[in-house]
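By my numbering, the letter at position 212 of the sequence shown is numbered 217, and the numbering carries on one by one without gaps.
Every residue gets a Cβ at the ideal spot worked out from N, C-alpha and C, and that includes glycine.
All values reported here derive from a predicted model rather than from experimental measurement.
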Amino acid sequence: MIQPGSLAAIVFDFDGTLAETNIDFAEMRRQVVDHLRTWGLYQPGIEEKRYILEIVDWGRQQLAERPTDLQAYDREAQQRMEEVELVYTSRAQLFPDVAASLGQLRAADIKIGIITRNCRRGVASVLDRHPLPYDTLITREDLRNVKPHPEHLERVLAELAVTPEQALMVGDHPTDIQCGQAAGVSTCGVLTGETTLQEFHDLGANYAFQNVPALVEFLLDQKLP
6 MIQPGSLAAI VFDFDGTLAE TNIDFAEMRR QVVDHLRTWG LYQPGIEEKR
56 YILEIVDWGR QQLAERPTDL QAYDREAQQR MEEVELVYTS RAQLFPDVAA
106 SLGQLRAADI KIGIITRNCR RGVASVLDRH PLPYDTLITR EDLRNVKPHP
156 EHLERVLAEL AVTPEQALMV GDHPTDIQCG QAAGVSTCGV LTGETTLQEF
206 HDLGANYAFQ NVPALVEFLL DQKLP
């Protein structure tokens, strides 16, 4: 839990937390499975119990001894995912009052980071139309291990120059909570995605709120930092 007076930064997930993109992840999953088939890598059931990026990464592992092929495989996989993503992010909106809430955090001297498994072009297509105040943004292209791996969050904390004890990780998905916990950061779920309040409790999230504005209102009422 965040201790009074210790909060220095909040790190937000993007899709489903700050913005409503409605990306067709089922289609994106079909695309990456078809990509495996195109490369002759598909094995029945490989897509079960794996997120989309982890399916792509599994294919990478099969090509580890073929670096030239690996580069082409990865480039084509990213292109397939990005094409689906950009269809939806090009018309996506921020959730109501999110920009104002992040502005309140900035006015309270709270640093703001964003980590996302989305591509940078997709996030930019939203933020170019709907600007947000933030200090750093780390997308899937910016590092090897994305959330729930702690490296994703640790990279942002390093850029913000804050310790895990000074930060709060906020997101709508189990991977956000798992990432925060793995990095030793307090976590908060928001109910703007598909994860329920009970599921956040079961995951061990420190907090859960209806949305980002409700969280920010709570923090400001608590006079944090």
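Taking DSSP as the reference, what is the three-state secondary structure of residue i?
{"i": "L196", "result": "coil"}
{"i": "E53", "result": "coil"}
{"i": "G176", "result": "strand"}
{"i": "G127", "result": "helix"}
{"i": "E25", "result": "strand"}
{"i": "Y93", "result": "helix"}
{"i": "F19", "result": "coil"}
{"i": "L99", "result": "strand"}
{"i": "S106", "result": "helix"}
{"i": "L220", "result": "helix"}
{"i": "G118", "result": "strand"}
{"i": "T201", "result": "coil"}
{"i": "T43", "result": "helix"}
{"i": "A3", "result": "Examination of residue 3 is not possible in this model, given that the chain is present from 6 through 230 alone."}
Would residue i pass as a contact of residue j if the rule is Cβ separation under 8 angstroms?
{"i": "D147", "j": "P218", "result": "no"}
{"i": "A187", "j": "P155", "result": "yes"}
{"i": "L220", "j": "C184", "result": "no"}
{"i": "I28", "j": "Y93", "result": "yes"}
{"i": "V151", "j": "T22", "result": "no"}
{"i": "D18", "j": "G176", "result": "yes"}
{"i": "G45", "j": "E90", "result": "no"}
{"i": "G209", "j": "H178", "result": "no"}
{"i": "V190", "j": "G118", "result": "no"}
Using 10 angstroms around the beta-carbon of residue i, count the other beta-carbons present and answer buried if the total reaches 16, otherwise exposed.
{"i": "P153", "result": "buried"}
{"i": "T144", "result": "buried"}
{"i": "R85", "result": "buried"}
{"i": "M6", "result": "exposed"}
{"i": "A69", "result": "exposed"}
{"i": "T201", "result": "exposed"}
{"i": "D133", "result": "exposed"}
{"i": "A172", "result": "buried"}
{"i": "A14", "result": "buried"}
Could you check the C-alpha separation between residue i and residue j for me, to the nearest Å?
{"i": "I51", "j": "I120", "result": "27 angstroms"}
{"i": "A213", "j": "C193", "result": "5 angstroms"}
{"i": "A31", "j": "T73", "result": "29 angstroms"}
{"i": "L12", "j": "R122", "result": "25 angstroms"}
{"i": "F100", "j": "G108", "result": "14 angstroms"}
{"i": "V131", "j": "E25", "result": "10 angstroms"}
{"i": "Y47", "j": "E170", "result": "42 angstroms"}
{"i": "K64", "j": "T180", "result": "One point to set straight first is that residue 64 is Gly, not Lys, in the sequence displayed. The straight-line gap from Cα to Cα measures roughly 21 angstroms."}
{"i": "L165", "j": "A112", "result": "16 angstroms"}
{"i": "H206", "j": "I182", "result": "10 angstroms"}
{"i": "S95", "j": "M33", "result": "16 angstroms"}
{"i": "R55", "j": "E81", "result": "19 angstroms"}
{"i": "D140", "j": "Q203", "result": "32 angstroms"}
{"i": "L224", "j": "Q215", "result": "14 angstroms"}
{"i": "Q98", "j": "H135", "result": "7 angstroms"}
{"i": "R42", "j": "L142", "result": "33 angstroms"}
{"i": "L162", "j": "T168", "result": "7 angstroms"}
{"i": "R160", "j": "P49", "result": "35 angstroms"}
Give me the residue from the options with the minimum Cα distance to residue i.
{"i": "A105", "options": "G64, D20, L137", "result": "L137"}
{"i": "L10", "options": "D62, D114, Y212", "result": "The identity of residue 10 in the sequence shown is Gly, whereas the question assumes Leu. Closest option to G10, Cα to Cα, is D114."}
{"i": "D226", "options": "H206, Q203, L110", "result": "L110"}
{"i": "I60", "options": "R71, M174, Q83, G209", "result": "Q83"}
{"i": "E88", "options": "Q76, L162, R125", "result": "R125"}
{"i": "V37", "options": "A163, I182, K54, L58", "result": "L58"}
{"i": "E53", "options": "R35, T43, S191", "result": "R35"}
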